[in-house]
Every structure is written in structure tokens, then in C-alpha cells.
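Under UniProt numbering, the letters of the sequence shown match residues 1 to 227, in that order. Here's the structure, in C-alpha cells; my notes come after.
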Amino acid sequence: MVILATLDLVSVGGYVNLVQDLHRVDILALSTDEKLAFFLNLYNAMVIHAVIRGGRPNGVIDRRSFFSDFQYLVGGNVYSLNIIKNGILRNNRRSPYSLMKPFSNGDKRLELALPKVNPLIHFGLCNGTRSSPSVRFFSPKGVEAELRCAAREFFQRDGIEVDLDKRTVHLSRTLKWFNADFGQEKEVLKWIMDYLDATKAGLLTHLLSDGGPVNVAYHNYDWSVNS
């Protein structure tokens with residue numbers, strides 16, 4: 001949708017006017033792929049808008065506010081970044097270190113949640129930090145292929161490092177935080193293979209196939225702004 005174009009395409013004031021039209025969107029009329037692309041794009045646009053308006057949050061408390069308090073009115077309901085990611089895109093799963101699901105029983109937004117979790121969403125959501133995926137926008141007809149492309153870009157950049165000498169695979173901390181979506185470590189390493197270039201895939205294949213132990217470590221998450 002034009003209202004979810006990057007903020008470079010319109011003035012901030014014009015963008016805000018377009019955002020006000022989101023309350024008219026009939027999300028229930030969207031197909032699953034249309035809904036997936038819509039909420040991925042909405043999340044990324046909201047992050048850009050939030051950073052422009054208030055800057056990047058500093059510290060845990062500011063980050064909680066950033067992801068929960070900045071909200072859009074869409075189709076008659078209020079959505080924060082946390083609600084979009086964990087309520088809609090992750091089928092109402094708890095965020096890391098949270099005890100509560102985003103939606104309680106009876107919440108009207110629950111019927112809009114995607115029917116199952118696609119772990120590729122984590123490579124399509126940009127939160128503006130150095131450790132997050134690059135910002136991009138998705139098309140309803142090509143969203144699955146575009147998410148696969150985003151995953152390949154993420155892992156080819158610095159989402160994975162293989163150290164043969166120490167028999168250690170270094171992964172993005174996102175995969176640890178959201179292991180409920182990705183599975184156990186051995187499953188994750190096999191799943192990642194489809195998104196690696198030939199060099200990294202060869203190193204990982206060698207490590208997994210020689211019968212020796214494989215250690216998994218996770219990068220520290222860099223919350224600094226990706227300018």
C-alpha cells in the first residue's frame with residue numbers, strides 16, 4: 001500500500017496524514033499473504049516513524065516503551081510494535097522474558113493473528129539497530145520469496161560465523177531469544193543451511209557431518225542506531 005512506502009518518498013507531515021487513513025483498512029478482508037506483507041510493512045514503517053519522532057531508545061526501560069507505547073490506529077484497533085510482532089505475526093506468542101501473551105481471550109485482534117509462525121519474519125522486521133536486519137518492504141504476491149531473500153542477506157552479512165578450529169557456530173542472538181519459533185540448536189543449524197552462501201554452507205556441513213561436538217554461541221546484540 002502507498003501509505004506504507006518508506007518515509008523517504010513523502011514528507012513526514014504527509015506521511016502522518018496518510019497514517020491517519022489506516023483506521024479505514026479492513027484487515028479481515030486480506031488473505032494470509034496480504035496480511036503478512038501488510039503487517040511486516042506496517043512494523044518497519046512504524047519503526048522509522050518512531051525513530052524520527054523520538055530517536056532511538058536508550059536502556060531497557062526506554063526500549064520497552066518504544067516497542068509498546070508507540071501505536072497506530074489500524075482498522076479500528078490499536079497496534080504497537082510488540083503487538084504486531086508477537087501478537088499478529090507470531091500467532092500470539094510471548095515475547096522473550098515476558099510472562100503474558102499479547103492478546104487475552106476475547107481480544108478482537110486475536111482473530112487477525114497469522115495461523116502459524118513463519119520464522120522468516122524475524123529477517124523481515126527491522127528495529128533500526130545495527131544487529132537487526134536491513135529495512136525492506138514486502139509485496140503480497142512475493143512476500144515468501146522476499147523473506148527468504150532477507151534471510152539469505154542476514155546470514156551472509158554477519159548472522160552466522162563458523163569457527164572450525166573451536167568447533168563453534170556463532171549466531172545472532174535473535175535465534176536464541178525466539179527459539180520457540182526456530183527450534184532447538186541442532187534443528188536451527190540444519191534449517192539455516194538453505195540461507196547460506198557456498199563458503200559458509202560448506203564450513204557448517206563439514207562441522208555437522210564429522211561426528212564431533214558442535215558448540216553454539218550467540219553474538220551480543222548491538223542496540224546502537226544503524227545510521
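Ideal Cβ placement from N, Cα and C applies to all residues, glycine included. In this text, all values refer to a predicted model and were calculated from it rather than measured experimentally.
> Any idea which residues DSSP pairs Glu161 with across the strands?
Replying inline: His170
>> Which of the three DSSP states is assigned to Gln71 in this structure?
In response: Strand at Gln71.
> Looking at the unbroken beta strand (DSSP E) that takes in Tyr97, where does it start and where does it end?
Replying inline: From DSSP, Tyr97 is part of no beta strand (DSSP E); its letter is neither H nor E.
> Which of helix, strand or coil does DSSP assign to Ala113?
Replying inline: coil
> In chain order, what residues of the same chain have a beta carbon less than 8 Å from the beta carbon of Pro133, not counting five sequence neighbours either side?
Replying inline: His122, Phe123, Gly124, Leu125, Cys126, Ala150, Glu153, Phe154
> In whole angstroms, what is the alpha-carbon distance linking His49 and Glu146?
Replying inline: 23 Å
> What do you get for Pro115, buried or exposed, if any count of 16 or more other CB atoms within 10 angstroms of its CB means buried?
Replying inline: exposed
>> Under 8 Å, with one C-beta from each stretch per pair, do the stretch 188 to 199 and the stretch 98 to 108 reach the 3-pair mark?
In response: no
>> Looking at the secondary structure, which residues open and close the beta strand (DSSP E) in which Tyr218 lies?
In response: Under the DSSP assignment, Tyr218 falls in the beta strand (DSSP E) whose first and last residues are 215 to 218.
>> Using the Cβ count rule (16 or more neighbours within 10 Å means buried), how would you classify Gly59?
In response: It counts as exposed.
> Taking only runs of the alpha helix (DSSP H) that begin and end inside the stretch 25 to 94, which ones reach a length of at least 4 residues, in chain order?
Replying inline: 32 to 54, 59 to 69
>> Taking the beta carbon of Gly212 as the centre, do at least 16 other beta carbons fall within 10 Å, making it buried, or is it exposed?
In response: exposed
> Ala29: which of Val19, Met46, Gly75, Asn82 sits nearest, CA to CA?
Replying inline: Gly75
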